[in-house]
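Its first residue numbered 37, the sequence shown is counted upward by one per residue in my numbering.
Glycine included, each C-beta is placed from N, C-alpha and C at the ideal position.
A short worksheet on the structure shown next.
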Amino acid sequence: MAAPRIAGNLQSFRVRFEFVAALTTYGAVYLGFAVFSFTPAYRTREVAVSEVPRLLASSVVMNLLLFVVTASVIMLLFRLRFARLTFARHRVLSWVVALAGGLVAMYLINLVMSSLAAPLLPREPMDPSVQAVFQFFQPASRALMLAPPVMFLTAGFPEEFFRAYVLSFAVRGRSARLAGYALLATSLFFAIGHIYQGAVAAVVLFPIGLFLGWFYLKRKNLWELVFLHTLYDSVVFILAASFGVTPS
Numbered sequence: 037m038a039a040p041r042i043a044g045n046l047q048s049f050r051v052r053f054e055f056v057a058a059l060t061t062y063g064a065v066y067l068g069f070a071v072f073s074f075t076p077a078y079r080t081r082e083v084a085v086s087e088v089p090r091l092l093a094s095s096v097v098m099n100l101l102l103f104v105v106t107a108s109v110i111m112l113l114f115r116l117r118f119a120r121l122t123f124a125r126h127r128v129l130s131w132v133v134a135l136a137g138g139l140v141a142m143y144l145i146n147l148v149m150s151s152l153a154a155p156l157l158p159r160e161p162m163d164p165s166v167q168a169v170f171q172f173f174q175p176a177s178r179a180l181m182l183a184p185p186v187m188f189l190t191a192g193f194p195e196e197f198f199r200a201y202v203l204s205f206a207v208r209g210r211s212a213r214l215a216g217y218a219l220l221a222t223s224l225f226f227a228i229g230h231i232y233q234g235a236v237a238a239v240v241l242f243p244i245g246l247f248l249g250w251f252y253l254k255r256k257n258l259w260e261l262v263f264l265h266t267l268y269d270s271v272v273f274i275l276a277a278s279f280g281v282t283p284s
């Protein structure tokens, strides 16, 4: 009887340690982004539209390394496999409804939070790199063609791969308390990591992060989460190129 109990305790400790390692690393990546965005070299730089392809290529490599490779290394160190990520099966219609509903919900969150935060926080000029990317994705035909694959590689897949890994501990453990902690922590780090977009954007992205986390906990499918984030970011650029609408 003692041997199974000891083995169970060791397994429980290892899972907890893995969760702490994953969440700490996840937070460190976003906090690193935030700290870098306040350095003089970053804040005083200028970005030309001609530099955007190189900028996007470097962002793809950096984000895949920081999010996907880092999370994969932690998973492999602790479990020697990718067992934590979940891919619950849903019908095609369920996918379509979930993604459409998620997209609408995210834009409503954006609209409400932007209207509440904008009068209270200083309006900052758009980040030069973000502004250059918006200009690069013009006209609308270019945004339609390029934004989805670029957003998939720079944001949707890498960011949500790591988020899903952290949240999957709550899914596997069926723990509502752990889900709450992980949801709040990942959303806070997500918002702080995007502070370079301005204070209003960071405030908006906290509930956006909460929604993305809830979406994964509800649907339990990594790819749905990735596609929702990709779709949301892509539509931002498509709307901007078509109508000049640029959500925070």
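To the nearest angstrom, report how far apart Val-195 and Val-104 are at their CA atoms.
Along the sequence shown, read from residue 1 onward, the residue named residue 195 stands at position 159. Along the sequence shown, read from residue 1 onward, the residue named residue 104 stands at position 68. The sequence shown places Glu at residue 195, rather than the Val named in the question. If I take the Cα positions, the gap works out to 8 Å.
- Query: Expressed to the nearest angstrom, what Euclidean distance is found between the alpha-carbon atoms of Leu-275 and Thr-75?
  - Reply: Here residue 275 refers to the residue found at position 239 when the sequence shown is read from its first residue. Here residue 75 refers to the residue found at position 39 when the sequence shown is read from its first residue. Taking the straight line from one Cα to the other gives about 31 Å.
Taking the alpha helix (DSSP H) that Gly-138 belongs to, which residues open and close that run?
Here residue 138 refers to the residue found at position 102 of the sequence shown. Going by DSSP, Gly-138 is part of the alpha helix (DSSP H) stretching over 128-153.
#### Entry: Ile-228 beta carbon less than 9 Å from that of Ala-107
For the purposes of this step, residue 107 is taken as the residue at position 71 of the sequence shown. For the purposes of this step, residue 228 is taken as the residue at position 192 of the sequence shown. One thing to note: Ala-107 has its Cβ no nearer than 9 Å to the Cβ of Ile-228.
Comparing alpha-carbon positions, which option in His-230, Phe-193 and Pro-175 lies nearest Ser-278? Position 242 of the sequence shown, counted from the first residue, corresponds to residue 278. For Ser-278, the closest of His-230, Phe-193 and Pro-175 by C-alpha to C-alpha distance is Pro-175.
Q.
Within 10 Å of its beta-carbon, does Met-142 have 16 or more other beta-carbons around it, so buried, or fewer, so exposed?
A. By one-based count along the sequence shown, residue 142 stands at place 106. Buried, because 16 or more other Cβ atoms sit within 10 Å of the Cβ of Met-142.
Exposure label - Leu-254; buried when at least 16 CB within 10 Å: Start at 1 with the first residue of the sequence shown, and residue 254 comes out as number 218. The sequence shown places Lys at residue 254, not Leu. With fewer than 16 other Cβ atoms within 10 Å, it is exposed.
task: Taking the CB atoms as reference points, tell me whether Gly-249 and Leu-203 lie closer together than 9 Å.
output: Along the sequence shown, one-based indexing puts residue 249 at 213. Along the sequence shown, one-based indexing puts residue 203 at 167. Going by C-beta atoms, Gly-249 is nearer than 9 Å to Leu-203.
* Asked: Ordered along the chain, which non-local residues of its own chain (more than five positions away) have a Cβ less than 6 Å from that of Arg-199?
  -> As a position in the sequence shown, residue 199 is number 163, starting the count at 1. So the list reads Thr-222, once near-sequence residues are dropped.
Fill in: Extent of the continuous alpha helix (DSSP H) run through Val-85
Position 49 of the sequence shown holds residue 85. Per DSSP, Val-85 belongs to no alpha helix (DSSP H) and is neither H nor E.
key: CA-to-CA distance, Phe-72 to Leu-206, given in whole angstroms   = Indexing the sequence shown from 1 puts residue 206 at position 170. Indexing the sequence shown from 1 puts residue 72 at position 36. Residue identity check: residue 206 is Ala in the sequence provided, not Leu. The straight-line gap from Cα to Cα measures roughly 31 Å.
ask   = Counting pairs of Cβ atoms below 8 Å between the stretch 160-167 and the stretch 257-271, do you hit three or more?
value = These segments do not touch.
In the stretch 148-228, which residue ranges form an unbroken alpha helix (DSSP H) of at least 4 residues, counting only runs that do not cross its ends?
Runs found: 164-172, 176-187 and 193-209.
Next on the checklist: Let's see if you can read the secondary structure: which residues bound the alpha helix (DSSP H) around Thr-266?
Outcome noted: Counting from 1 along the sequence shown, the entry for residue 266 is found at position 230. Per DSSP, the unbroken alpha helix (DSSP H) holding Thr-266 starts and ends at 258-279.
So does the stretch 224-240 actually touch the stretch 177-191, counting three or more Cβ pairs closer than 8 Å? The way I'd put it, the stretch 224-240 doesn't touch the stretch 177-191; fewer than three beta-carbon pairs between them come closer than 8 Å.
Quiz item: Taking DSSP as the reference, what is the three-state secondary structure of Phe-55?
Solution: On the sequence shown, residue 55 is found 19 positions in, with the first residue counted as 1. For Phe-55, the secondary structure class from DSSP, reduced to helix, strand or coil, is helix.
For this session: Would you mind sorting Val-236 into buried or exposed? The rule is 16 or more other CB atoms within 10 Å of its CB.
Result: Mapped onto the sequence shown, residue 236 falls at position 200. Val-236 comes out buried.
Q. Taking C-beta to C-beta, are Met-111 and Arg-125 nearer than 9 Å?
A. Taking the sequence shown and counting its residues from 1, the one referred to as residue 111 is at position 75. Taking the sequence shown and counting its residues from 1, the one referred to as residue 125 is at position 89. Judged by beta-carbon spacing, Arg-125 lies beyond the 9 Å limit of Met-111, meaning their Cβ atoms are not closer than that value.
Inset, instruction - Starting from Phe-123, follow its DSSP beta bridges and name the residues at the other end. - result: Residue numbering aside, residue 123 sits at position 87 when the sequence shown is read from its first letter. Secondary-structure assignment with DSSP links Phe-123 through a beta bridge to Asn-257.
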